[in-house]
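Chemist: Dropping a structure here in structure tokens format, bear with me for questions.
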Amino acid sequence: MTASPPTRAQAHPPDRPAAAPVELYVYYRVHSDDLAAALAAFEQARGDQPVRLLQRHDNDPVFQTWMEIYGPALPDAADAERRIAAALGAFAQGPRHREAFAAVAGPGAAR
């Protein structure tokens, strides 16, 4: 029996680069009264996963905007993000905004 040629979805033309790994960015606001408790919850939920936490550089006296970064080296970013979202649910003021990006140049870019 002869094998069927790959379908369009299966084929990967040699002139087309492979997809770059996806990086996940999640941002939300935390009230200044909750910063210490929210940070402790983040650290506990993160465990030893290489998830970065940044804060927006501004002067808002009431809220901080935090951003979680799930890099391409993270084996199961979706699971880590679910754990952290559950742990920080009580602290996030408003929605958690999720955005996914893939590198187009530099380290990690598709080739």
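Per full-length UniProt numbering, residue 1 is the first one in the sequence shown, and the count goes up by one each step. Each residue gets a CB set at the ideal place from its N, CA and C atoms; glycine is no exception.
Indicate whether residue 19 and residue 85 have their beta-carbon atoms separated by less than 7 angstroms.
Modeler: Locating residue 19 in the sequence shown gives position 19, where the first residue counts as 1. Locating residue 85 in the sequence shown gives position 85, where the first residue counts as 1. The answer is no: Cβ separation not under 7 angstroms.
Chemist: Using 10 angstroms around the beta-carbon of residue 99, count the other beta-carbons present and answer buried if the total reaches 16, otherwise exposed.
Modeler: Numbered from its first residue, the sequence shown carries residue 99 at position 99. Under this definition residue 99 is an exposed residue.
Chemist: Take residue 75 as the anchor and find which of 66, 91, 48 and 57 has the nearest alpha-carbon.
Modeler: As a first step, residue 75 must be located in the sequence shown, where it is residue number 75. Among 66, 91, 48 and 57, the Cα nearest to that of residue 75 is on 48.
Chemist: Closest by CA to residue 42, which one among 24, 32, 60 and 91?
Modeler: Residue 42 sits at position 42 when you count from the first residue of the sequence shown. Of the listed residues, the one whose Cα sits closest to residue 42 is 91.
Chemist: How about residue 82 and residue 45: do their beta carbons lie closer than 7 angstroms?
Modeler: Taking the sequence shown and counting its residues from 1, the one referred to as residue 82 is at position 82. Taking the sequence shown and counting its residues from 1, the one referred to as residue 45 is at position 45. Contact flag unset, no.
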